[in-house]
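Asks: Here it is, the structure, as structure tokens.
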Amino acid sequence: MTASSHDVVVVGAGIVGAACALECARRGMRVTVLDRDVIGGGSTAAGMGHIVVMDDSPAQFALTQYSRQLWNELRDDLPAEVEFERSGTIWVAADEEEMEEVRRKHSYYTSRGVNAEIVNSAELAILEPNLRRGLAGGLLVPDDGVLYPPCAASFLIERAKAQGVAIHLGKAVQQIGRGRVRLSDGREISASVVVNATGAWAPELTPGLEIRRRKGHLVITDRYPGFVRHQLVELGYLKSAHSISSDSVAFNVQPRKTGQVLIGSSRQYGAESAEVEAEITAKMLQRAQYYMPGLAQLSAIRAWAGFRPATPDKLPLIGPAPEDPATYIAAGHEGLGITTSLATGRLIADQLTGADSSIPIGPYLPSRVAQEPSHV
Amino acid sequence: MTSAGREQFDVIVVGAGPAGIAAATRAAECGARVAVVDDNPALGGQIWRGGAEKAEDMQAREWMNRFQKVGPRLFPGTRVIGQQQSGMLLAEERDVPRTLRYRTLILATGARERFLPFPGWTLPNVMGAGGLQALVKSGLPIHEKRVVVAGSGPLLLAVAAYLRRHGAEIPLICEQTSWTRLAGFGFSLISHPGKIAQGLKLKLGLGFVPFAANCWPLAAQGFDRLESVLVSRNGEKQEIACDYLACGFHLVPNNELAALLGCELRGGFVAVDDFLRTSVPAVYCAGELTGIGGVELAVVEGEIAGLAAAGDESAARALFGNHRKLQKFVSSLARAFAPREELKSLSSPETIVCRCEDVTFARMGGHASSRAAKLHTRCGMGPCQGRVCGPAMEFLFSWEAASVRPPVFPARVASLSGMETELEVESDRTTGGTR
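Residue numbers (this note's numbering), protein chains in the order written: chain A, 423 to 798; chain B, 160 to 594.
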């Protein structure tokens, strides 16, 4: 392989790498994708697969809104195994204080073109009969969806292949920089640009990136069609998930197209092994049963854990590495990588081709993290 | 510890088959506080199924009586679903969670039949050989039914003999291995007179039942249920009308709990030393989990593990000689009944490989590993947790086993929620705690 044979080498065949490869190929670049393992085998395989608009910050809102729109445009093309379903999200409010948040969120979303609907306690009970009684209500965001991430990543890779992208799996990359990629087997590949899309492992290839591994657990049940109908997230999540230092759990369940119920979520820093930990799994399930008592009786068939690539300001790094213009970063998507993958691909390709982006890219540039204090 | 009522055992044995019974008995005879956990309703496991009263086998009855004399605590109908923390198992007894503490743990979780996919294998009335036997034991009428028994291994003969005693007609026993390999196996039996007797006994029960080597199922046929089996017999196709096909391609170890606890595996079997210690401190392993070797080996392994776990290493050592002799049987069994290459190409593209998730053989193509196939096809992600399709995929595609995820068996969400206080109360109530 020679320097002229590649415009772009994407390292990482997770959903973000797949989206970057596809978008770069669409713009006429010659692209190669490398992954040490399989397609979508890292954080992509560990996550829930929620396509959701979030508003922790204006920049997060802009990115998730843009990317959700891209997913919804793609909907009719997605093959059955991607299991895309426009289930909608209900942000569940336990009490009046959380209903305040529902109203704030409602006005924020609707004033920016995202459909949302406030539901009261009685309406919530009708929409989700298995939620416990006495909850205050919630915010229904009907255009959110769920999908099965590994197959979504495969779908993007297949499309990229159709655009001429080459993919090499089982190829571990040892080092990248200045337009060169060194594989663990000693081979070297040159390219005009190397995209580091290795998610939670990105700092191993680009030292200094402010990405930490935030461990999460999930449990999936046997098939119970109709038990839960929307993606449900507690708004108490705002109180717990914002804590950047300590372990936390939150109620977050999702209906799968198979009829299975996916139960989350947990957040831990400093955990090195992806081993399932009984204690935090138990806490997470207790929280879920507090909201949905009927979950107790369901049969759980599998639990697993994985790592979110977390940044201090909860926004991904999308753009050139601070000290190496030939290395682009597309990583640090925390728990939103499935949602924001498509937008990330667009923003990377926009930057590489000098095209205007649909949303301002400033908040996602890796250079902004380097300028900010490390703990926001 | 402040909670005096909490149940703690010196030795917990998981599995109440021959190895587990021997392990628990020997450990209890040494004075250890022993518990045995098994998901069946009675002692015996697959091979001595049904407890002492029902045992047709002398050895089984003797061991079960000896077991009852020293009285280890038996938790029947209880499944170990994981480890809560080091030294503490999480189990479920009819949906009720229970935690059990141990100082040493002996895994004797045995083996299950290997299934290999072929066209029609998911039709009603195509069953596991051991599975059909268990159904007949629990009342399925088999009198005057025609049952083709096919696959590989000594279990086929045992099942055929059992079905015949209960009135089934066996038109053919199809053993996939060759006569040459069988002869090699027979020859190696000369050093194991007990095995020959066992073989003869089975043979007598089988009378004139036709037995074919070099013979395996090509397809199970029928409209909405099994009507006939197409077999390859010495290279010729033969169709046999039947009501049932009892099928199993030798055995694979139930290694899920061992793998989850972190025990080192070699070729799917748990690696152990002479005292049957695994790579994980305080965890022993006995029986089919260390290598498929039959009842006699399982019993002596159970004895060694039980004695060693209870601290009587010299008594354990006294059994090493016999153990080594019986162990030779493991490799001769593995050689004799290794599935032949032709079995890899039985499936058509539409043949279901994973029954839980309806994954076809065609969809498996192109994946590089069991993990890739699992992630992208859901193969092995259903409620059987890959117990059926996993070993088949490992054989068909020469893949390494996919990693094991908890729980070891599907369990209620409540049971995984580890509500500690409830668990303690539960354990106290049922074990007569003295708080």
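Think of the CB as a built atom: it goes at the ideal place given N, C-alpha and C, for glycine as much as any other residue. Since the model is a prediction, treat every value here as computed from it, not as a measurement.
1. Is residue 475 of chain B buried or exposed, if buried means 16 or more other CB atoms sit within 10 Å of its CB?
2. Residues in its own chain within less than 7 Å of residue 425 of chain A by CB, not counting five upstream and five downstream?
3. Out of A:512, A:729, A:455, A:626, which has the shortest C-alpha to C-alpha gap to residue 596 of chain A?
4. Which value, in whole angstroms, describes the spacing of the CA atoms of residue 265 of chain B and residue 417 of chain B?
5. Which residues, in chain order, does the stretch 688 to 717 of chain A contribute to contact with chain B at a C-beta distance below 8 Å?
6. Short of 7 Å in beta carbon distance, which residues of its chain neighbour residue 349 of chain B, apart from the five on each side in sequence? Order them along the chain.
7. Check whether the Cβ of residue 644 of chain A lies closer than 9 Å to any Cβ atom in chain B.
8. Report yes if the C-beta distance between residue 550 of chain A and residue 717 of chain A is below 9 Å; otherwise report no.
9. In angstroms, rounded to a whole number, what distance separates the CA positions of residue 385 of chain B and residue 282 of chain B?
10. So, is residue 342 of chain B buried or exposed, given that buried needs 16 or more other C-beta atoms within 10 angstroms?
11. If residue 374 of chain B sits next to residue 387 of chain B, beta carbons under 8 Å apart, how far is it from one beta carbon to the other, in whole angstroms?
12. Spell out a yes or no on whether the stretch 168 to 185 of chain B and the stretch 255 to 274 of chain B are touching, meaning 3 or more CB-CB pairs, one atom from each, closer than 8 Å.
13. Which chain A residues sit within Cβ distance under 7 Å of residue 430 of chain B?
14. Between the stretch 525 to 537 of chain B and chain A, which residues of the former have CB atoms less than 7 Å from a CB of the latter, in chain order?
15. Counting contacts by CB-CB distance shorter than 9 Å, is residue 434 of chain A in contact with chain B?
16. Here's the rule I'm using: 16 or more other beta-carbon atoms within 10 Å means buried, otherwise exposed. How should residue 579 of chain B be labelled?
17. On the three-state DSSP scale, how would you describe residue 173 of chain B?
18. With a threshold of 16 other CB atoms inside 10 Å of the CB of residue 656 of chain A, please say whether the residue is buried or exposed.
19. Tell me which residues of the stretch 721 to 739 of chain A have at least one Cβ-Cβ distance to chain B shorter than 9 Å, keeping chain order.
20. Go ahead and label residue 506 of chain B buried or exposed: buried means 16 or more other beta carbons lie within 10 angstroms of its beta carbon, across all protein chains shown.
21. Spell out whether any CB of chain B is found under 9 Å from the CB atom of residue 591 of chain A.
22. Mark residue 413 of chain B as exposed unless 16 or more other C-beta atoms lie within 10 angstroms of its C-beta, in which case mark it buried.
23. Residue 260 of chain B to residue 370 of chain B, Cα distance in whole Å?
24. Take residue 650 of chain A and list the residues in its own chain whose beta-carbon comes closer than 6 Å to its own, dropping the five residues that flank it on each side.
25. Got a sec: does the ligand NAP put a non-hydrogen atom nearer than 8 Å to the Cβ of residue 463 of chain B?
26. Does DSSP classify residue 395 of chain B as helix, strand or coil?
27. Excluding the 5 residues flanking residue 242 of chain B on each side, which residues of the same chain have their C-beta closer than 8 Å to its C-beta?
28. Is the distance from the Cβ of residue 799 of chain A to the Cβ of residue 726 of chain A below 9 Å?
29. Would you call the stretch 227 to 246 of chain B in contact with the stretch 773 to 787 of chain A, where contact means no fewer than 3 C-beta pairs closer than 8 Å?
30. Output, in chain order, the set of chain B residues within a Cβ distance shorter than 7 Å of residue 462 of chain A.
31. In the stretch 556 to 577 of chain B, which residues sit with their C-beta less than 7 Å from some C-beta in chain A, listed in chain order?
32. Here's a check: name, in chain order, each residue in its chain whose Cβ is nearer than 8 Å to the Cβ of residue 770 of chain A, leaving out the five neighbours to either side.
33. List the endpoints of the continuous alpha helix (DSSP H) containing residue 572 of chain A.
34. Just the C-alpha distance for residue 451 of chain A and residue 484 of chain A, rounded to the nearest angstrom, thanks.
35. Just the Cα atoms here: how many angstroms apart are residue 539 of chain B and residue 559 of chain B?
36. Anything in the stretch 628 to 654 of chain A with a Cβ closer than 9 Å to a Cβ of chain B? List those residues in chain order, please.
Replies: In terms of the structure at hand:
1. Within the second sequence, numbered from 1, the residue matching residue 475 of chain B stands at position 316. Flag for residue 475 of chain B reads buried.
2. On the first sequence, position 3 is the one that residue 425 of chain A refers to. At residue 425 of chain A, the pLDDT of 43 sits below 50, so the modelled position is not reliable; the number obtained from the coordinates is stated separately. Taken in chain order, the residues that qualify are 612.
3. Numbered from 1 along the first sequence, position 174 holds the residue referred to as residue 596 of chain A. The candidate whose alpha carbon is nearest that of residue 596 of chain A is A:626.
4. Working through the second sequence from its first residue, we reach residue 265 of chain B at position 106. Working through the second sequence from its first residue, we reach residue 417 of chain B at position 258. Cα to Cα, the separation comes out at about 10 Å.
5. Those would be 698, 700, 701, 703, 704, 707, 708, 710, 711, 717, in chain order.
6. Taking the first residue of the second sequence as position 1, residue 349 of chain B is located at position 190. Low confidence applies to residue 349 of chain B: its pLDDT is 48, below 50, so where it sits in the model is not reliable, and the reading given next is rough at best. For residue 349 of chain B, same chain residues with a beta-carbon under 7 Å away, outside a window of 5 residues either side, do not exist.
7. Reading the first sequence from its first residue, position 222 is the one you call residue 644 of chain A. Cβ-Cβ to chain B under 9 Å: yes for residue 644 of chain A.
8. Taking the first sequence and counting its residues from 1, the one referred to as residue 550 of chain A is at position 128. Taking the first sequence and counting its residues from 1, the one referred to as residue 717 of chain A is at position 295. No, these two residues do not count as a Cβ contact at 9 Å.
9. Reading the second sequence from its first residue, position 226 is the one you call residue 385 of chain B. Reading the second sequence from its first residue, position 123 is the one you call residue 282 of chain B. If you draw a straight line from the Cα of residue 385 of chain B to the Cα of residue 282 of chain B, it is about 6 Å long.
10. Numbered from its first residue, the second sequence carries residue 342 of chain B at position 183. Exposed, since its Cβ has fewer than 16 Cβ neighbours within 10 Å.
11. If you number the second sequence from 1, residue 374 of chain B lands on position 215. If you number the second sequence from 1, residue 387 of chain B lands on position 228. About 15 Å; that fails the 8 Å criterion.
12. yes
13. Position 271 of the second sequence, counting from 1, holds the residue named residue 430 of chain B. Result: empty, since nearest Cβ-Cβ is about 20 Å, beyond 7 Å.
14. 527, 528, 530, 531, 534, 535
15. Here the question's residue 434 of chain A lines up with position 12 in the first sequence. Residue 434 of chain A does not count as touching chain B.
16. Taking the first residue of the second sequence as 1, we reach residue 579 of chain B at position 420. Low confidence applies here, because residue 579 of chain B scores a pLDDT of 45, under 50, leaving its location unreliable; read the following figure in that light. Residue 579 of chain B comes out exposed.
17. Against the second sequence, residue 173 of chain B aligns to sequence position 14. Secondary structure at residue 173 of chain B: strand, using DSSP grouped into helix, strand and coil.
18. Start at 1 with the first residue of the first sequence, and residue 656 of chain A comes out as number 234. Buried: at least 16 other Cβ atoms inside 10 Å.
19. Within the stretch 721 to 739 of chain A, the residues whose Cβ lies closer than 9 Å to some Cβ of chain B are 721, 722, 723, 724, 725, 726, listed in chain order.
20. For the purposes of this step, residue 506 of chain B is identified with residue 347 of the second sequence, where counting begins at 1. A residue is called buried when at least 16 other Cβ atoms come within 10 angstroms of its Cβ; residue 506 of chain B meets this threshold and is buried.
21. In the first sequence, counting from the first residue as 1, residue 591 of chain A sits at position 169. Interface residue, yes.
22. Taking the second sequence and counting its residues from 1, one reaches residue 413 of chain B at position 254. Buried is the call here.
23. Residue 260 of chain B sits at position 101 when you count from the first residue of the second sequence. Residue 370 of chain B sits at position 211 when you count from the first residue of the second sequence. About 49 Å.
24. Translated into the one-based positions of the first sequence, residue 650 of chain A becomes position 228. Same-chain partners within the cutoff: 675, 677, 683.
25. The ligand NAP is not part of the structure shown, which contains no ligands of any sort.
26. On the second sequence, residue 395 of chain B is found 236 positions in, with the first residue counted as 1. If DSSP states are grouped into helix, strand and coil, residue 395 of chain B belongs with the strands.
27. Taking the first residue of the second sequence as position 1, residue 242 of chain B is located at position 83. Counting only Cβ-Cβ distances below 8 Å, and skipping sequence neighbours, we find 248, 249, 419, 420.
28. No answer is possible for residue 799 of chain A: the residues shown for chain A start at 423 and end at 798.
29. no
30. Counted from its first residue, the first sequence places residue 462 of chain A at position 40. 534, listed in chain order.
31. 564, 565, 566, 569, 570, 571, 572, 573, 575, 576, 577
32. Here residue 770 of chain A is taken as the residue at index 348 of the first sequence, counted from 1. Excluding residues up to 5 positions away in sequence, 442, 445, 446, 617, 740, 741, 750, 752 lie with their Cβ nearer than 8 Å to the Cβ of residue 770 of chain A in the same chain.
33. Translated into positions along the first sequence, residue 572 of chain A becomes position 150. Element bounds for residue 572 of chain A: 571 to 584.
34. One-based indexing of the first sequence puts residue 451 of chain A at position 29. One-based indexing of the first sequence puts residue 484 of chain A at position 62. When rounded, the distance between both Cα atoms is 27 Å.
35. Along the second sequence, one-based indexing puts residue 539 of chain B at 380. Along the second sequence, one-based indexing puts residue 559 of chain B at 400. Computed Cα separation, rounded: 14 Å.
36. Close to chain B, meaning a Cβ-Cβ distance shorter than 9 Å, are the following residues of the stretch 628 to 654 of chain A: 641, 642, 643, 644, 645.
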